Structures are given as C-alpha cells and as structure tokens.
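The structure appears below as structure tokens.
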Amino acid sequence: MSTESLVEQMKHGLDAPICLTWELTYACNLECVHCLSSSGRRDPRELTTEQCIAVLDELRDLQVFYINIGGGEPMVRRDFFEIIEHSVSNGIGVKFSTNGAFIDAANARRLAAMDYLDIQISLDGADAATNDPVRGTGSYDTAITAMNNLRDAGFGQFKISVVVTR
2 MSTESLVEQM KHGLDAPICL TWELTYACNL ECVHCLSSSG RRDPRELTTE QCIAVLDELR
62 DLQVFYINIG GGEPMVRRDF FEIIEHSVSN GIGVKFSTNG AFIDAANARR LAAMDYLDIQ
122 ISLDGADAAT NDPVRGTGSY DTAITAMNNL RDAGFGQFKI SVVVTR
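Be aware that the sequence shown starts at 2, since it is given in the working numbering, and climbs by one per residue.
And the structure:
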C-alpha cells in the first residue's frame with residue numbers, strides 16, 4: 002500500500018476504483034418481496050474461498066480502499082469471516098449488508114473486534130407488523146436481536162437499510 006494520502010493520489014488520478022461492490026453470494030435465508038438479485042438460490046458459479054482470497058489480494062495490490070459486500074445474505078457463506086478478516090487484515094475496509102440472522106452474540110463479538118468494518122442491517126418497518134410481510138415472519142425480531150448483539154459487543158455505530166414502499 003502506498004503511504005501517499007488518498008487526496009494526493011486523486012490529484013494524479015487513481016489506478017483503481019476507491020470502492021468495489023461485490024455480491025458475494027445470491028444465497029439467502031429470506032425471500033423479501035422486493036429483492037432485485039434473485040436471492041435465495043446459490044449460484045453454481047459462486048467463487049470458492051480460494052478464489053475470493055485471490056480477488057482480495059488483487060484488490061489490495063490495486064489499492065482498492067474498501068469493498069461493499071452484499072448479495073443475497075453474505076453471512077450464509079461458511080467462509081464469510083475468513084473472507085472479511087482477510088480483507089480487513091490487508092487494509093481493505095469492508096461494508097456489508099445483512100438481514101442480521103447470523104449475528105448472534107459470538108459473531109457480534111467477532112465483528113466488533115475488527116477494524117475497518119461497517120455493517121448495514123436491513124429493516125423495512127418500525128414494527129413486526131410492517132416489516133415481516135415484506136421480509137418474512139420473525140425477520141423484524143431477528144434484525145432487532147442482531148442490533149442488540151452488536152451494541153452489547155461494543156461494535157459502535159451500524160447502519161439500517163430501508164426499502165421505501167407504499
């Protein structure tokens with residue numbers, strides 16, 4: 002990684018994007034009515050762990066500043082933590098979108114221990130009566146539990162992602 006500041010690099014032009022959006026998987030444990038990425042089914046062409054690590058190494062060499070991971074639900078991948086830990090340890094920040102289903106107390110502590118990490122939890126209503134018809138029964142309580150687990154683990158600030166509908 003270059004020690005030259007990002008501002009100085011931008012004066013001369015960048016060799017790579019600052020941010021890259023990566024749909025890590027299409028697989029998802031929910032079936033949201035508004036989903037645009039045909040989530041739910043794993044794509045047989047999905048990258049292996051080794052391929053993901055190789056992509057991250059290439060992004061590091063290109064000096065990509067951070068990646069925005071979505072999907073599907075990225076945390077359904079068994080290698081999710083290996084992938085984001087590799088990214089963060091190589092100076093590539095990670096922002097990922099999740100429905101919160103896999104953020105139990107232990108995973109919240111693991112996430113809170115990482116630097117350069119931003120989490121966005123999907124929630125489409127102020128209560129279960131509004132949210133659950135869009136995302137599935139119990140998804141509101143699941144998201145709230147994930148937020149509480151992150152707070153209790155000392156994660157700091159996380160984001161809430163909302164799809165505005167009528």
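For each residue, glycine too, the CB sits at the ideal point set by N, CA and C.
None of these values were measured; they are calculated from a predicted model.
Would you mind stating whether G72 and C29 have Cβ atoms separated by less than 8 Å?
The residue you call residue 72 lines up with position 71 of the sequence shown. The residue you call residue 29 lines up with position 28 of the sequence shown. It is a contact, given that the beta carbons lie within the stated cut-off.
Is it buried or exposed, L15, if we count other Cβ atoms within 10 angstroms and call 16 or more buried?
Taking the sequence shown and counting its residues from 1, one reaches residue 15 at position 14. Looking at its Cβ environment, which holds fewer than 16 other Cβ atoms inside 10 Å, L15 is exposed.
Quick check: what's the CA-CA separation for T131 versus D125?
Working through the sequence shown from its first residue, we reach residue 131 at position 130. Working through the sequence shown from its first residue, we reach residue 125 at position 124. Each residue's Cα considered, the two are about 7 Å apart.
Nearest-angstrom Cα distance between V164 and C36?
As a working mapping, residue 164 is identified with position 163 in the sequence shown. As a working mapping, residue 36 is identified with position 35 in the sequence shown. When rounded, the distance between both Cα atoms is 10 Å.
For K96, I'd like the list of residues in its chain whose CB is within less than 6 Å of its CB, leaving aside the five on either flank, ordered along the chain.
As a working mapping, residue 96 is identified with position 95 in the sequence shown. N69 and D119.
Going by C-alpha to C-alpha distance, which of V8, I19, I161 and R167 sits closest to G101?
Position 100 of the sequence shown, counted from the first residue, corresponds to residue 101. It is I161.
Measuring only the C-alpha atoms, how far is D128 from G139?
Start at 1 with the first residue of the sequence shown, and residue 128 comes out as number 127. Start at 1 with the first residue of the sequence shown, and residue 139 comes out as number 138. The alpha-carbon atoms of D128 and G139 are separated by roughly 11 Å.
Just reading off the alpha helix (DSSP H) that S88 is part of, what are its end residues?
Reading the sequence shown from its first residue, position 87 is the one you call residue 88. From DSSP, the alpha helix (DSSP H) with S88 extends over F81 to S90.
If distances are taken between C-alpha atoms only, which option among V8, C53 and E32 comes closest to E24?
For the purposes of this step, residue 24 is taken as the residue at position 23 of the sequence shown. That would be C53, whose Cα lies nearest to the Cα of E24.
CB-CB under 7 Å to R111, same chain, minus the five flanking residues each way: which ones, in chain order?
The count along the sequence shown starts at 1 and reaches residue 111 at position 110. So the qualifying residues of the chain are F82.
Less than 7 Å between C-beta atoms, sequence neighbours within five positions excluded: which residues of the same chain meet that for H87?
Locating residue 87 in the sequence shown gives position 86, where the first residue counts as 1. Closer than 7 Å at Cβ, skipping near neighbours: I54 and L57.
On the DSSP letters alone, give me the boundaries of the beta strand (DSSP E) that Q158 sits inside.
Position 157 of the sequence shown, counted from the start, is the residue given in the question as residue 158. That residue, Q158, is in no beta strand (DSSP E); it is neither H nor E in DSSP.
Where does Y141 fall in DSSP's three states?
Indexing the sequence shown from 1 puts residue 141 at position 140. Three-state DSSP puts Y141 in a helix.
Considering only residues of the same chain and omitting the five flanking positions on each side of A17, which have a CB-CB separation below 8 Å?
In the sequence shown, the residue the question calls residue 17 occupies position 16. Only L60, L63, Q64 and V65 meet the Cβ criterion.
Could you check what DSSP says for C20 in three-state terms: helix, strand or coil?
Position 19 of the sequence shown, counted from the first residue, corresponds to residue 20. Strand, per DSSP.
Apply the 10 Å Cβ neighbour rule to T143 and answer buried if 16 or more other Cβ atoms are within range, or exposed otherwise.
As a working mapping, residue 143 is identified with position 142 in the sequence shown. With 16 or more other Cβ atoms within 10 Å, it is buried.
Determine the closest residue to G137 out of Q121, I84 and G41, with distance taken between C-alpha atoms.
The residue labelled residue 137 in the question sits at position 136 within the sequence shown. It is G41 whose Cα lies nearest to the Cα of G137.
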